[in-house]
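The numbering of the sequence shown is the working numbering, which starts it at 1 and goes up by one.
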Amino acid sequence: MTPSFRISGAGRLKQAKTARFSFDGQAYTGVDGDTLASALLANGVHLVGRSFKYHRPRGFLSAGAEEPNALVQIVRDDARKTPNVRATVQELYDGLTANSQNRWPSLAFDVGAVNDIASPLFSAGFYYKTFMWPKAAWKSLYEPKIRAAAGLGVSPDKPDPDHYGARYAHCEVLVLGGGAAGIAAALAAAETGVRVILADEQAEFGGSLRFEAGARIDGEDGFAWAQGAIAKLKAMDNVRLLTRTTAFGYYAQNFVGLVERVSDHLQNPGSDLPRERLWQVRAKRVVLATGAIERHMVFADNDRPGVMLASAARTYLNHYGVAVGRNVGVYTANDSAYAAAIDLKKAGVNIAAIVDLRDNPTGAAIDEARGLGIEINFGRAVVRAGGKLRVSSMTVQPKNGGGERTIPVDAILMSAGWTPSVHLFSQSRGKVAFNEETRRFVPGTYAQDCISVGACNGTDGLDATVDEAYAAGAKAAKEAGGKAGKGAKPKVDAGESWSRGMLGAAPGAGQGTTVKAFVDFQNDVTAKDIRQAVHEGMHSIEHVKRFTTNGMATDQGKTSNMHGLAIAAETLGKPIPQVGLTTFRAPYTPVTFGSIVGHARGALFDPTRKTAIHPWAAAQGAVFEDVGQWKRAWYFPRGAEDMHAAVDRECVTVRKTAGLFDASTLGKIEVVGPDAAKFMELLYTNPWEKLEPGRCRYGIMLREDGFIYDDGVVGRLAPDRFHVTTTTGGAPRVMHHMEDYLQTEFPHLNVWLTSITEQWAVIAVQGPKSRDIIAPLVEGIDMSDEALPHMSVREGRICGVPTRLFRMSFTGERGFEVNVPADYGQSVWEALWAEGQKHGACAYGTESMHVLRAEKGYIIVGQDTDGTVTPNDAALDWAVGKKKADFVGIRGLTRPDLVAKGRKQLVGLKTKDPKVVLEEGAQIVEDPGQAIPMKMIGHVTSSYWSENCGRSIALALVAGGRDRMGKTLYVPMPNGTIEVEVTGMVFFDEKGERLNG
């Protein structure tokens with residue numbers, strides 16, 4: 001089909017190549033540089049979708065990211081079907097295939113349009129009042145139908161074959177928005193030498209200069225100046241330019257999330273290109289130059305295809321060279337629509353009439369329009385748009401009532417004014433302020449190191465915008481460490497400035513009317529819906545939003561929020577600021593799951609971490625288990641051994657001779673600094689000030705509420721240095737816990753925290769022969785019991801590499817933990833293994849480790865504790881410093897509930913039948929004969945078969961456990977009740993004599 005609305009000589013795509021595409025199976029042609037929207041309009045296509053609730057015909061409202069109507073599905077192949085793509089943003093490429101959504105059987109004939117006829121049944125909040133009777137129909141009828149009707153596009157049903165990139169970046173100045181303001185700010189900042197990132201969501205920088213025909217800067221057309229300035233910035237090494245990049249979220253400490261559309265505009269993207277790239281940027285200063293969004297006029301049937309924003313029509317004409325119609329009407333309440341009418345008239349498009357709600361406006365634009373012979377109607381309103389699948393007329397009436405006149409048109413351009421785009425400013429936790437004079441919300445109180453410039457700051461006029469932005473860019477760079485710039489500020493020779501406009505419903509759609517005057521196009525919210533919400537008691541704008549769904553669609557109310565707010569305020573009889581403003585939440589525009597997830601899917605959904613010794617264990621046939629993100633050797637079967645046989649052999653071997661265990665996954669944190677001991681005193685229950693360098697101590701960390709948070713052995717390497725170990729799963733949260741307190745509660749302490757988990761490989765050598773295995777390989781460390789007693793640490797060398805050698809045990813046997821740099825982990829392990837073989841040692845895995853520690857009554861935080869266990873509950877009172885004045889959790893420990901009698905306490909359990917092994921998590925009762933539901937007094941936390949003890953053993957949390965020693969309790973199970981005896985927690989070597997061999 002030959003494009004019939006492409007105007008020769010207009011726009012900036014004059015020399016572009018032809019691009020073929022299809023929409024709903026119909027073939028069309030466009031040109032390179034088109035968006036899908038401009039290409040369809042060039043072919044005279046306005047009908048592109050159906051509304052969500054009423055299935056009314058919808059066309060293009062805008063030319064940018066604020067588009068609520070033109071959501072389409074882009075199809076590349078069976079696996080690449082992307083729903084809800086804004087046609088105004090999707091760039092055209094040869095072979096593009098697009099389909100409309102939310103219609104059946106076709107776009108022109110949609111049976112769902114019956115909802116429009118039945119609209120009285122679907123008024124605002126209908127879903128809160130219906131589907132309640134008969135009750136049984138909800139599950140079988142209502143819910144299935146509602147779910148089937150929900151949504152707009154159809155989700156892809158095949159795995160996404162594309163990949164997505166991710167980058168982190170730091171800069172001194174981040175400029176968001178690439179219009180005149182953003183470019184001026186970036187120029188000023190870049191000239192100081194600081195690192196600058198300039199990002200814009202469009203394919204080209206320029207912003208509104210794409211359509212402002214009257215703009216001239218530094219003697220050039222505004223858009224030409226923008227391209228020249230961008231070329232200058234591109235040549236600077238300290239500047240990064242990001243087009244097709246949307247800043248979707250502004251988070252704490254000037255952290256901004258951006259998504260770059262890398263290949264959606266390409267016909268055949270290379271396999272090496274990601275589809276999108278997530279940028280996570282930390283900036284010292286942020287300049288917000290996000291512009292303003294034009295508002296539509298709220299009048300009856302303002303949603304007909306062909307009714308659009310005036311700025312959109314200018315963009316399609318002046319940038320893409322496309323006329324949106326041949327006989328165009330204009331409805332406005334401010335001057336900006338006049339510029340659209342003038343540009344179209346000069347391009348040969350007939351302007352049927354301009355209808356201006358204002359009584360007697362004056363200005364150069366009005367004079368020029370009149371000089372071109374355009375009919376202007378002041379003090380009048382468009383009260384209705386005619387047509388169905390395409391607008392065909394506009395009905396005009398004096399705004400205070402009177403006779404109607406119908407004017408034939410094939411497009412209506414409208415403008416109610418401009419709303420500053422304060423979304424990112426609000427996301428930064430800044431507080432907006434309402435300007436009574438201009439009747440708009442603008443940035444007020446700043447919460448972060450950012451500044452708003454240009455239209456998003458409520459600044460009118462191109463000259464004032466460029467001056468403000470250039471000064472802000474220079475100031476931001478200077479505050480971020482930049483030197484004085486030597487560049488010249490851009491000089492604005494001519495520009496456009498527009499008057500204020502209006503908010504709320506226009507005449508003909510005001511109080512007492514029942515017409516469909518749409519406020520929110522995507523969710524079919526009308527002016528009367530807003531009023532109904534207020535009449536039904538919704539007096540908060542947040543309640544109005546939820547009752548009507550105004551501003552809750554994928555466009556997040558970019559064009560509807562202010563109109564809805566004004567209508568609610570009018571109905572309530574309150575000023576707009578008293579009604580409030582809805583919350584702007586991330587993302588600014590929809591973000592794909594792919595860009596957020598990136599590579600973290602499939603096998604990479606959760607990173608798999610492996611220790612330096614993992615290859616050796618795999619080669620030995622180890623069976624692995626997942627512990628957090630780590631792959632840990634679970635057990636080492638020999639021959640035909642099953643897990644139980646392998647674990648029994650490993651446990652016996654460790655206690656008879658020795659065993660080697662890979663403990664590298666344990667969390668390790670270095671606490672360093674002059675105040676390291678003071679910090680440890682505050683974070684742990686134990687005393688640390690008097691712990692001598694070279695000694696270790698078992699430490700307990702609590703939360704503020706007094707419950708156990710983590711535990712581990714801590715070695716003091718020097719007066720100002722501690723080597724802290726944590727549980728494997730607790731390492732990240734303990735590091736965060738420490739850092740949080742250091743920064744927020746104890747910032748006066750001179751301390752540094754460093755995660756060293758992956759720096760050190762850890763080899764636990766446990767058992768009576770452990771010293772004999774290690775000693776031949778160690779240099780510079782006296783291994784005697786006198787020189788290296790239990791709970792000691794020394795630094796020296798093993799196998800010629802540095803080591804931190806801990807004398808400690810998680811088995812109750814003589815034990816050592818050999819820490820070596822991770823790069824040498826496997827070679828040192830192999831050397832120790834060779835020595836171990838001389839003594840009959842074995843390698844053992846996590847299951848044997850659990851059994852061995854349970855035999856000695858050693859707890860595992862997170863297994864034997866559940867977040868409600870205190871040190872006393874776990875029989876660890878001895879680890880709480882009785883003379884300490886303060887530590888995290890000290891006040892929590894004194895709460896009445898935590899010292900009350902009858903609390904669950906950790907105890908041992910022995911089954912009456914020693915061969916029966918309890919299930920972990922099994923509930924414990926005092927009377928098995930009681931009626932169901934039984935009163936449960938505890939549960940099993942750890943349970944194993946112990947070959948060393950010749951019986952089953954278990955640990956359990958039992959109410960008043962220590963007062964029940966020797967008593968019989970019961971564990972009801974599906975196959976019968978199991979009798980257990982309450983015992984102490986130590987099942988092997990109760991006196992602890994084996995710690996020294």
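Here a beta-carbon is modelled for each residue, glycine too, at the ideal position from N, C-alpha and C.
Here the structure is a predicted model, which is why all the values come from computation and not from measurement.
Point to revise | Coarse secondary structure for residue 541, derived from DSSP in three states | key: Your numbering for residue 541 matches position 541 in the sequence shown. Residue 541 sits in a helix when the DSSP states are folded into three classes.
**Study point:** DSSP bridge partner residues for residue 398 (one or two, in chain order)
**Key:** Here residue 398 is taken as the residue at index 398 of the sequence shown, counted from 1. DSSP output for residue 398 lists 380 as bridge partner(s).
Exercise for review: Give me the Cα-Cα distance between residue 969 and residue 832, rounded to the nearest whole angstrom.
Suggested key: Locating residue 969 in the sequence shown gives position 969, counting from the first residue. Locating residue 832 in the sequence shown gives position 832, counting from the first residue. If you draw a straight line from the Cα of residue 969 to the Cα of residue 832, it comes to about 46 angstroms.
Review point. Considering only residues of the same chain and omitting the five flanking positions on each side of residue 644, which have a CB-CB separation below 8 angstroms?
Key: As a first step, residue 644 is located in the sequence shown; it is residue number 644 there, counting from the start. Shown here for residue 644: same chain residues with a beta carbon closer than 8 angstroms to its own, the five before and five after excluded, namely 945 in chain order.
Review point. Do you know offhand how far residue 501's Cα is from residue 417's?
Key: What you label residue 501 is simply residue 501 of the sequence shown in a count that begins at 1. What you label residue 417 is simply residue 417 of the sequence shown in a count that begins at 1. Cα to Cα, residue 501 sits roughly 4 angstroms from residue 417.
Practice item. Can you check DSSP and say which residues form a bridge with residue 999? Key: With the chain running from 1 to 997 in the structure shown, residue 999 is simply not present.
Point to revise | C-beta contact flag for residue 496 and residue 201 at 8 angstroms | key: Numbered from 1 along the sequence shown, position 496 holds the residue referred to as residue 496. Numbered from 1 along the sequence shown, position 201 holds the residue referred to as residue 201. No, they are not a contact pair.
Practice item. Using only alpha-carbon positions, find the residue among 814, 821, 788 that is nearest to residue 800. Key: The sequence position of residue 800 within the sequence shown is 800, counting from 1. That would be 821, whose Cα lies nearest to the Cα of residue 800.
Review point. In whole angstroms, what separates the C-alpha of residue 775 from that of residue 812?
Key: Position 775 of the sequence shown, counted from the first residue, corresponds to residue 775. Position 812 of the sequence shown, counted from the first residue, corresponds to residue 812. Taking the CA atoms as reference points, residue 775 sits about 20 angstroms from residue 812.
Review point. In chain order, which alpha helix (DSSP H) runs of at least 4 residues are fully inside the region 868-914?
Key: Counting only runs of at least 4 residues, the region 868-914 fully encloses the following alpha helix (DSSP H) elements, listed from N- to C-terminal order: 896-899.
Review point. Can you list, in chain order, the stretches of the beta strand (DSSP E) that have 3 or more residues and sit fully within the region 121-179?
Key: Residue ranges of uninterrupted beta strand (DSSP E) with 3 or more members, entirely inside the region 121-179 and ordered along the chain, are 165-176.
Practice item. Taking 8 angstroms as the cut-off, decide whether the C-beta atoms of residue 302 and residue 385 are in contact. Key: Along the sequence shown, one-based indexing puts residue 302 at 302. Along the sequence shown, one-based indexing puts residue 385 at 385. Yes, Cβ-Cβ distance for residue 302 and residue 385 is below 8 angstroms.
**Study point:** Stretch-stretch touch, CB-based, cutoff 8 angstroms, three pairs: the region 607-625 with the region 835-842
**Key:** The region 607-625, when compared against the region 835-842, does not touch it at the 8 angstroms Cβ threshold.
Exercise for review: Out of 858, 363, 558, state which residue places its alpha-carbon closest to the alpha-carbon of residue 583.
Suggested key: On the sequence shown, residue 583 is found 583 positions in, with the first residue counted as 1. Answer by Cα proximity: 558.
**Study point:** Those residues which DSSP pairs with residue 306 across a bridge
**Key:** The residue given as residue 306 occupies position 306 in the sequence shown. According to DSSP, which records beta bridges pairwise, residue 306 is partnered with nothing at all.
Exercise for review: Measure how close the beta-carbons of residue 663 and residue 722 come, nearest whole angstrom, since I'm counting them as under 8 angstroms.
Suggested key: Counting from 1 along the sequence shown, the entry for residue 663 is found at position 663. Counting from 1 along the sequence shown, the entry for residue 722 is found at position 722. The pair is not a contact, with the Cβ atoms about 18 angstroms apart (cut-off 8 angstroms).
Point to revise | Buried/exposed call for residue 154, threshold 16 Cβ in 10 Å | key: On the sequence shown, position 154 is the one that residue 154 refers to. Looking at its Cβ environment, which holds fewer than 16 other Cβ atoms inside 10 Å, residue 154 is exposed.
Check your understanding: Going by the beta-carbon positions, is the gap between residue 825 and residue 731 smaller than 8 angstroms?
Key -> Position 825 of the sequence shown, counted from the start, is the residue given in the question as residue 825. Position 731 of the sequence shown, counted from the start, is the residue given in the question as residue 731. At the C-beta level, residue 825 and residue 731 stay beyond 8 angstroms of one another.
Practice item. Figure out for me which residue from 756, 671, 809, 621 has the closest Cα to the Cα of residue 742. Key: Reading the sequence shown from its first residue, position 742 is the one you call residue 742. Ranked by Cα distance from residue 742, the options 756, 671, 809, 621 are led by 671.
Check your understanding: Which of helix, strand or coil does DSSP assign to residue 667?
Key -> As a working mapping, residue 667 is identified with position 667 in the sequence shown. Three-state DSSP puts residue 667 in a strand.
Point to revise | Spatially closest choice to residue 987 from 915, 853, 397, 593, by CA coordinates | key: Your numbering for residue 987 matches position 987 in the sequence shown. It is 853 whose Cα lies nearest to the Cα of residue 987.
Review point. In the DSSP assignment, what residue or residues form a beta bridge with residue 30?
Key: Counted from its first residue, the sequence shown places residue 30 at position 30. Under DSSP, residue 30 forms a beta bridge with 19.
Review point. Shortest alpha-carbon distance to residue 180 belongs to which of 26, 80, 489?
Key: Your numbering for residue 180 matches position 180 in the sequence shown. Of the candidates 26, 80, 489, the one whose C-alpha sits nearest the C-alpha of residue 180 is 489.
Point to revise | First through last residue of the alpha helix (DSSP H) which encompasses residue 436 | key: As a first step, residue 436 is located in the sequence shown; it is residue number 436 there, counting from the start. Neither: residue 436 is in no alpha helix (DSSP H) and is coded neither H nor E.
Check your understanding: If you run the structure through DSSP and keep just helix, strand and coil, what is residue 762?
Key -> Within the sequence shown, numbered from 1, the residue matching residue 762 stands at position 762. Three-state result, residue 762: strand.
Point to revise | Delimiting residues of the alpha helix (DSSP H) encompassing residue 616 | key: For the purposes of this step, residue 616 is taken as residue 616 along the sequence shown, with counting starting at 1. From DSSP, the alpha helix (DSSP H) with residue 616 extends over 614-619.
Exercise for review: Tell me, to the nearest whole angstrom, how far the beta carbon of residue 265 is from that of residue 12; I am working on the premise that it is less than 8 angstroms.
Suggested key: Looking up residue 265 in the sequence shown gives position 265. Looking up residue 12 in the sequence shown gives position 12. That pair is no contact at about 16 angstroms.
**Study point:** Whole-angstrom distance between residue 66 and residue 208, CA atom to CA atom
**Key:** Counting from one through the sequence shown, the residue named residue 208 turns up at place 208. Counting from one through the sequence shown, the residue named residue 66 turns up at place 66. Distance between the alpha carbons of residue 208 and residue 66: 14 angstroms.
Check your understanding: DSSP state of residue 93, grouped into three classes?
Key -> Residue mapping note: residue 93 aligns to position 93 of the sequence shown, counting from 1. DSSP places residue 93 in coil when its eight states are reduced to three.
Point to revise | Backbone CA spacing between residue 62 and residue 439 [nearest angstrom] | key: Start at 1 with the first residue of the sequence shown, and residue 62 comes out as number 62. Start at 1 with the first residue of the sequence shown, and residue 439 comes out as number 439. As the crow flies, the alpha-carbon of residue 62 is around 23 angstroms from that of residue 439.
**Study point:** Span separating the alpha-carbon of residue 382 from that of residue 352
**Key:** As a working mapping, residue 382 is identified with position 382 in the sequence shown. As a working mapping, residue 352 is identified with position 352 in the sequence shown. Between the alpha carbons of residue 382 and residue 352 lies a gap of roughly 13 angstroms.
Practice item. Give me the Cα-Cα distance between residue 188 and residue 175, rounded to the nearest whole angstrom. Key: Numbered from 1 along the sequence shown, position 188 holds the residue referred to as residue 188. Numbered from 1 along the sequence shown, position 175 holds the residue referred to as residue 175. Distance between the alpha carbons of residue 188 and residue 175 is about 11 angstroms.
Check your understanding: Which term fits residue 965, buried or exposed, when burial requires 16 or more other beta carbons within 10 angstroms of its beta carbon?
Key -> Position 965 of the sequence shown, counted from the start, is the residue given in the question as residue 965. Within 10 angstroms of the beta-carbon of residue 965 lie fewer than 16 other beta-carbons, which makes it exposed.
Point to revise | N-terminal and C-terminal residue of the alpha helix (DSSP H) that residue 238 is part of | key: Taking the first residue of the sequence shown as position 1, residue 238 is located at position 238. Following the DSSP letters along the chain, one finds residue 238 in no alpha helix (DSSP H), marked with neither H nor E.
Practice item. Could you name the residues of the same chain whose beta carbon sits closer than 7 angstroms to that of residue 292, not counting the 5 residues immediately before and after it, in chain order? Key: Within the sequence shown, numbered from 1, the residue matching residue 292 stands at position 292. Closer than 7 angstroms at Cβ, skipping near neighbours: 418, 419, 420, 421, 455, 456.
**Study point:** Unbroken beta strand (DSSP E) run spanning residue 662, endpoints
**Key:** As a first step, residue 662 must be located in the sequence shown, where it is residue number 662. For residue 662, the enclosing beta strand (DSSP E) has its first and last residue at 659-662.
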